[in-house]
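Chemist:
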Amino acid sequence: MSNPQDPLLSVRNLGVVYNTSQGPVHAVSNVSFDVRENEVFGIAGESGCGKSTLIKALLRLLAENGTATADRCTYRGRALMDMDEEDFRREILWQEISMVPQSAMASFNPVHRVGDQVIESIQAHRDDSRAQAMERAAELFDVVGLEPGLLKSYPHEFSGGMRQRAMIAMALSLDPGLIIMDEPTTGLDVLVQERILRRIREIRSELKSSIILITHDIAVIAEMSDRIAIMYGGEIMEQASAIDLFENPHHPYTLGLKNAFPSITTLGTELISIPGSPPTLVGPVQSCPFAPRCPFDDAICHSANPEAKEIAEGHIVRCAHSADAARFRELAKEKSTWLS
Amino acid sequence: MAVLELDRLSRQFELTPGFVERVIQRKKPSYIKAVERLSISIGENEILGIAGESGCGKSTTCTMVSGLLDPTEGDIRFRGNSILGLKGAAIKDYRRAVQMIFQDPYESLNPRFRIVDIVAEGPRALELWGADEIKRRSLAMLDAVGLPSGKYAERFPHELSGGERQRVGIASALVMEPEVIIADEPLSMLDVSIRAGILDLLREMQAERGFSSLYVSHDLSILGNVADRLLVMYLGQAMEIGPAEEVIRNPKHPYTKALIGAVPIPDPRSRREVPNIRGEISKPIDPPPGCRFAPRCPYANASCNETFIEMKTGDSSLHQAACHRLDEIANAGL
Chain A
1 MSNPQDPLLS
11 VRNLGVVYNT
21 SQGPVHAVSN
31 VSFDVRENEV
41 FGIAGESGCG
51 KSTLIKALLR
61 LLAENGTATA
71 DRCTYRGRAL
81 MDMDEEDFRR
91 EILWQEISMV
101 PQSAMASFNP
111 VHRVGDQVIE
121 SIQAHRDDSR
131 AQAMERAAEL
141 FDVVGLEPGL
151 LKSYPHEFSG
161 GMRQRAMIAM
171 ALSLDPGLII
181 MDEPTTGLDV
191 LVQERILRRI
201 REIRSELKSS
211 IILITHDIAV
221 IAEMSDRIAI
231 MYGGEIMEQA
241 SAIDLFENPH
251 HPYTLGLKNA
261 FPSITTLGTE
271 LISIPGSPPT
281 LVGPVQSCPF
291 APRCPFDDAI
301 CHSANPEAKE
311 IAEGHIVRCA
321 HSADAARFRE
331 LAKEKSTWLS
Chain B
1001 MAVLELDRLS
1011 RQFELTPGFV
1021 ERVIQRKKPS
1031 YIKAVERLSI
1041 SIGENEILGI
1051 AGESGCGKST
1061 TCTMVSGLLD
1071 PTEGDIRFRG
1081 NSILGLKGAA
1091 IKDYRRAVQM
1101 IFQDPYESLN
1111 PRFRIVDIVA
1121 EGPRALELWG
1131 ADEIKRRSLA
1141 MLDAVGLPSG
1151 KYAERFPHEL
1161 SGGERQRVGI
1171 ASALVMEPEV
1181 IIADEPLSML
1191 DVSIRAGILD
1201 LLREMQAERG
1211 FSSLYVSHDL
1221 SILGNVADRL
1231 LVMYLGQAME
1241 IGPAEEVIRN
1251 PKHPYTKALI
1261 GAVPIPDPRS
1271 RREVPNIRGE
1281 ISKPIDPPPG
1291 CRFAPRCPYA
1301 NASCNETFIE
1311 MKTGDSSLHQ
1321 AACHRLDEIA
1331 NAGL
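Each protein sequence line maps, in turn, to chains A and B. Sequential numbering of the first sequence, starting at 1, is according to my numbering. Sequential numbering of the second sequence, starting at 1001, is according to my numbering.
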């Protein structure tokens, strides 16, 4: 049916519009990307950039006032948007695409044992007996590094990191092809984060699942991802392999983010912030969303939203002046560039 | 002279057993040792960073320094005088001199106050100046933190972005003309692209106005960038202290090593040495007298559980670690 060379998930021109009392909000526009088999695809961006909305659109979890449209949105060749709601829930959701939500800390029901909740999710999709499901749950706990005996515990007996790992176990329960992790380590202490990231790497190499990793933490995404997309104002500004993106960045927003993010290996390097604040996305997008904060903007940037260009294999940039990237990279190192 | 001295500061919280356990089983209460024998001094214009995981006692320490919580043992001295038991004008002046910047700019501003009134609230409560002077200083303070008062003074918090709100938080601390600023995770709720701007503002204000800071964060990359000295805490005890860059580049204590090794690096080619620490962080309920990190430490031996090494105060350039086995670890090349 599907060719192994084909991407696992393929999205073209995905858009999400929320109807609000202030008019339509274009939370996500023109988003195109592929997730390949057995890869970690990172999506980085700040609050309000549309990264969570994008995921909700894929999983059909948008709020009532949200509408998603796409030229293409396929998982292993199946068009997700055209599927019947009931079929989608039975055949795709959790079975093929599962999710570790942002607030995994609060995602368990506090009055049921953790084990019962994992079993429930297995039995909802499979005709397993309770004993079979229990065995599977114990296996999964082992995979994420939790004692199987902890299945009998209640969520309040778990620490934040344990709950997060239990949530990952639950997302793995049906051997999905794709796991979406929305800020899986945000709010956890670094030693706990380290352990969870290590588990995620192991899961990826052992179980061959693909992972979409969403985070605002540039360091986590750099260490974990094969390819990275940088989102701003509802659009993907730049996407490339992790190494390309960090060593050969083209978009001014990518340059700005790199300047602003501290690294423990380069102490004493001055951090430079990007002045201004993100767009509100109300009304149609008629210019580059980053233009109001961009130090290199000109009339072209404010008159039309630039097309995405593939400047090298797999390296896609949405900037009218991507040809000037080398010059931008030099200028972006100077604080004065961003202040003027 | 040190602006602020913490002298063997300890704070424990009692955990009262339930009624049945207390009355019938005669169970004694247990104690959480949130902070234990913490000694440190903060110099004029110095930024002391405090790093550690949840439960390490960093917030309890800040609350005690701000005068909102009394220590169970030890002393806090401000310019040589103990702040414990201060009364009347003296406590009022201490409250002015020590100001806090809070973590969450969405929760810490009163939504029904206009921006100028939020900034003016402190001086009004302590009746620092006359009404006109307070208003004048508050407006000037807004200008100084990058919020032009003509545009922002009459607005309400919900009309401001997260970064702007944090600037209001900074303005309301600085308008009091503080001598010590306690900043508890002031950046963690803000977006990456605006964090550097807030850091710059804090630095600028410090250079201009001159105050000392206690800067608490779990983010070692930020602490390495702002702090002059760094204190690393674990479950209420000081593990390591020294000049910030020195501690991060050349950590001595096994815990500090693990903590620094766990910080992700924004470079896809980087390969960190992954720390090998077993177990989970616990709670310091009736702990053994020794090093709290010993149960998880790969180098711990029996003596680690028995005694705890207290750090020396005084020389602020000293790089010290509270570890019994420093020399052995260094000699073994571990």
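Glycine is no exception: its CB is placed at the ideal position from the N, C-alpha and C atoms.
#1: Output needed for A/M1: all residues of its chain with C-beta closer than 8 Å, excluding positions within five of it in sequence on either side, in chain order.
#2: Quick one: grab the DSSP three-state call for B/Q1012.
#3: Taking the DSSP output, what are the residues bridged to A/M99?
#4: List the residues of chain A that B/A1196 touches, going by C-beta distances under 7 Å, in chain order.
#5: Please report how far the alpha carbon of B/I1194 lies from the alpha carbon of A/P278, in whole angstroms.
#6: Is there contact here, the region 240-259 of chain A with the region 1169-1183 of chain B, by at least three beta-carbon pairs under 8 Å?
#7: To the nearest angstrom, how far is the alpha carbon of A/E334 from that of A/D298?
#8: Rounded to whole angstroms, what's the CA-CA distance from A/H315 to A/T53? Just pull it up for me.
#9: Compare the Cα-Cα distances from A/A304 to each of A/C319, A/E147, A/T280 and report the closest residue.
#10: Report yes if the CB atom of A/V143 is closer than 9 Å to the CB atom of A/R199, and no otherwise.
#11: With burial defined as no fewer than 16 other Cβ atoms inside 10 Å of the residue's Cβ, what is the status of A/H26: buried or exposed?
#12: Alpha carbon to alpha carbon, how far is A/E228 from B/L1187?
#13: At a CB-CB cut-off below 8 Å, which residues of chain B make contact with A/Q132?
#14: With 16 other CB atoms within 10 Å as the buried threshold, where does A/A138 fall?
#15: Can you list, in chain order, the residues of the region 1216-1237 of chain B whose Cβ is nearer than 8 Å to any Cβ on chain A?
#16: Taking only three categories from DSSP, how would you classify B/I1182?
#17: From B/F1308 to B/R1008, what distance separates their C-alpha atoms?
#18: Using CA coordinates, which residue listed in B/R1124, B/Q1103, B/L1201 is at the minimum distance from B/G1146?
#19: Which of the residues in the region 24-50 of chain A, read from start to end, lie with their CB under 7 Å from any CB of chain B?
#20: With 16 as the cutoff for other CB atoms within 10 Å, does B/K1257 come out buried or exposed?
#21: Between which two residues does the beta strand (DSSP E) carrying B/S1145 extend?
#22: Name the chain A residues whose beta carbon is nearer than 7 Å to that of B/A1258?
#23: Ends of the alpha helix (DSSP H) at A/H302?
#24: Starting from B/N1081, follow its DSSP beta bridges and name the residues at the other end.
#25: Determine, using beta carbons only, whether B/H1218 and B/A1322 come nearer to each other than 9 Å.
#26: What alpha helix (DSSP H) runs, 4 residues minimum, are completely inside the region 121-186 of chain A?
#27: Out of B/V1168, B/Y1234, B/L1139, which has the shortest C-alpha to C-alpha gap to B/M1100?
#28: Closer than 9 Å by beta-carbon distance: list the chain A residues that pair up with B/E1240, in chain order.
#29: What residues of chain B sit near A/L267, judged by a beta carbon separation below 7 Å?
#30: Determine, using beta-carbon pairs with one atom in the region 212-231 of chain A and one in the region 288-295 of chain A, whether at least three such pairs fall under 8 Å.
#31: Taking A/S385 as the query, report the chain B residues whose CB atoms sit under 8 Å from its CB, ordered along the chain.
#32: Taking the beta carbon of A/N109 as the centre, do at least 16 other beta carbons fall within 10 Å, making it buried, or is it exposed?
#33: Is it buried or exposed for B/S1303, if we count other Cβ within 10 angstroms and need 16 for buried?
#34: With a floor of 4 residues, list each alpha helix (DSSP H) that falls wholly inside the region 1227-1293 of chain B, ordered by position along the chain.
#35: A/S107 touches chain B at which residues, Cβ-Cβ below 7 Å?
#36: Are there 16 or more other CB atoms within 10 angstroms of the CB of B/L1085, so buried, or fewer, so exposed?
Modeler: Quick answer:
#1: At A/M1 the pLDDT is 48, less than 50, meaning the model places this residue with poor confidence; the figure from the coordinates comes in the next sentence. Answer for A/M1: R76, G77, listed in chain order.
#2: strand
#3: A/I180
#4: A260, L271, I272, S273
#5: 10 Å
#6: no
#7: 19 Å
#8: 24 Å
#9: A/C319
#10: yes
#11: buried
#12: One detail in the question is off: residue 228 of chain A reads as Ile in this sequence, not Glu. So the two alpha carbons sit approximately 25 Å from each other.
#13: Within chain B, no residue comes near A/Q132; the closest Cβ sits about 30 Å away, beyond 8 Å.
#14: buried
#15: H1218, D1219, L1220, S1221, I1222, G1224, N1225
#16: strand
#17: 13 Å
#18: B/L1201
#19: E46, S47
#20: buried
#21: The sequence as given places Val at residue 1145 of chain B; Ser does not occur at that position. First-last for B/V1145: undefined, no H or E at that position.
#22: L191
#23: 299-303
#24: B/F1078
#25: no
#26: 130-143, 160-172
#27: B/V1168
#28: Those within 9 Å of B/E1240 in chain A number zero; the least Cβ separation is about 15 Å.
#29: G1224, N1225, E1245, I1248
#30: no
#31: Because residue 385 of chain A is not part of the residues shown, which for chain A are 1 to 340, the question remains open.
#32: exposed
#33: exposed
#34: 1244-1249, 1254-1261
#35: The contacting residues do not exist; A/S107 stays about 19 Å from chain B at best.
#36: Per the sequence presented here, residue 1085 of chain B reads as Gly, with Leu not at that position. Classification of B/G1085: exposed, given that the 10 Å Cβ count is below 16.
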